[in-house]
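Its first residue numbered 479, the sequence shown is counted upward by one per residue in our numbering. Single-structure report; data block below.
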Amino acid sequence: MKTKVALVTGGYTGEAEISFKSSDFVYSQLDKAKYDVYPVTIALDSWFHVSEQGIKIPINREDFSLTIDGHVVKFDVAFIILHGTPGEDGRLQGYFDMIGLPYTSCGALTSALTMNKGYTKSILADIPDLHVANSVLLFESHRRDAVSLITERLSLPYFVKPNAGGSSIGMSKVKEDAALQEALDKAFDAANTGRQVLVEEFVTGREFSQGIFRDSAGELVVLPATEVRTTREFFDFEAKYIPGLTEEITPADLTDEQKDRASRIIREIYIRLNCRGMVRVDFFLEAETDRFYFIEINTIPGQTPQSFIPQQVRAFGMKESDFYAELIEAALSSSTQ
479 MKTKVALVTG GYTGEAEISF KSSDFVYSQL DKAKYDVYPV TIALDSWFHV
529 SEQGIKIPIN REDFSLTIDG HVVKFDVAFI ILHGTPGEDG RLQGYFDMIG
579 LPYTSCGALT SALTMNKGYT KSILADIPDL HVANSVLLFE SHRRDAVSLI
629 TERLSLPYFV KPNAGGSSIG MSKVKEDAAL QEALDKAFDA ANTGRQVLVE
679 EFVTGREFSQ GIFRDSAGEL VVLPATEVRT TREFFDFEAK YIPGLTEEIT
729 PADLTDEQKD RASRIIREIY IRLNCRGMVR VDFFLEAETD RFYFIEINTI
779 PGQTPQSFIP QQVRAFGMKE SDFYAELIEA ALSSSTQ
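Written out as structure tokens, the structure is:
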């Protein structure tokens with residue numbers, strides 16, 4: 479019997495477009511001789527699967543099953559490729575926990591925590607050799623006094639971003655205080671979850687993104703790093719998704735010491751946050767000091783052919799089909815322990 483996989487995609491935010499591209503690629507790579515794969519869209523108005531005949535079939539939310547031609551399809555595992563709410567913030571994971579369906583991503587608590595960039599930084603701050611930029615976490619009640627709070631505590635330039643969000647939506651680099659209020663309004667408007675904004679002192683240096691996953695044998699595997707070089711002020715939405723604006727070097731040109739240090743820190747981040755499945759850690763190596771500065775962790779990283787994780791999987795010498803199979807088997811294995 480083949481394993482029945484619900485490939486969960488879509489979402490409630492503007493990142494849904496990226497989710498569909500990611501899930502299309504994962505679907506193309508999964509071994510159909512081993513897995514029966516059913517793409518499932520999670521949207522605000524409905525949860526559904528579209529059959530090969532183009533028929534929209536609703537999900538039974540009591541047990542996340544499908545009824546196709548009178549036959550009930552119950553899934554063995556959910557492969558979550560849903561960026562943003564509710565697939566990346568723990569809501570979907572909590573639901574799957576309640577109905578007893580294994581899934582490929584981090585658990586509900588870890589997913590919810592890591593969507594909050596400010597809270598995540600506070601948990602990781604004492605990891606040896608890891609540094610975090612000075613920052614101010616703003617809530618809706620701070621909006622009236624936000625500018626003074628920032629200028630009193632931080633030094634220019636500032637990096638302003640929604641505290642919970644992805645794809646660099648709503649982010650700005652601020653070089654002068656006169657531009658700060660506009661950047662704050664932009665970030666608050668883009669903050670779909672929690673209405674919180676994180677403002678950090680900008681770190682100048684080389685930017686990297688590096689994946690890590692736990693395989694079906696329970697071993698942690700750190701993938702080769704990717705260096706990000708962009709013609710933009712920072713790695714914003716346009717730099718991520720418009721061809722030609724960014725150069726991505728995989729594997730990154732790092733010394734053996736830098737590779738070992740990054741690997742050690744990323745492993746500790748994964749363990750400290752109690753991660754599962756694959757995650758991606760973004761970081762700077764500061765120009766003057768070579769210090770490792772944590773940027774953020776992504777628990778549902780993009781999976782288009784050009785995304786960081788597929789690049790790194792290939793550089794590691796692994797096929798994407800085998801990589802995704804490892805994630806599925808690891809999820810199934812952990813559910814039986």
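Every residue gets a Cβ at the ideal spot worked out from N, C-alpha and C, and that includes glycine.
Within the same chain, Cβ atoms closer than 6 Å to the Cβ of Arg769 are found at His609, the five residues on either side in sequence being excluded. A direct Cα-to-Cα measurement between Asp800 and Thr767 gives close to 38 Å.
Every unbroken stretch of the alpha helix (DSSP H) spanning 4 or more residues and falling wholly within the segment 486-519 is given here in chain order: 494-507. At a cut-off of 3 residues, the continuous stretches assigned as beta strand (DSSP E) that sit fully inside the segment 609-690 are 613-616, 636-640, 650-652, 675-679. Around the CB of Met649, 16 or more other CB atoms lie within 10 Å, so the residue is classed as buried. Each residue's CA atom was taken as its position, placing Leu763 and Asp731 some 12 Å apart. Using a 10 angstroms sphere on the CB of Leu634, the tally of other CB atoms stays under 16, which defines it as exposed. In the displayed model, Ser543 falls within a strand according to three-state DSSP. Comparing alpha-carbon positions, the option among Val614, Glu530, Ser583, Glu540 lying closest to Asp693 turns out to be Ser583.
For Thr588, the enclosing alpha helix (DSSP H) covers residues 586-592.
In the structure shown, Phe801 falls within a helical segment according to DSSP collapsed to helix, strand and coil. Gln659 counts as exposed, since fewer than 16 other beta carbons sit within 10 angstroms of its beta carbon.
In the DSSP assignment, Pro536 falls within the beta strand (DSSP E) that extends over 534-536. Here Gln789 is buried. Its C-beta has 16 or more other C-beta atoms within 10 Å. Using a Cβ-Cβ distance cut-off of 8 Å, the segment 651-665 and the segment 590-598 are not in contact, since fewer than three pairs of beta carbons, one from each stretch, lie closer than that value.
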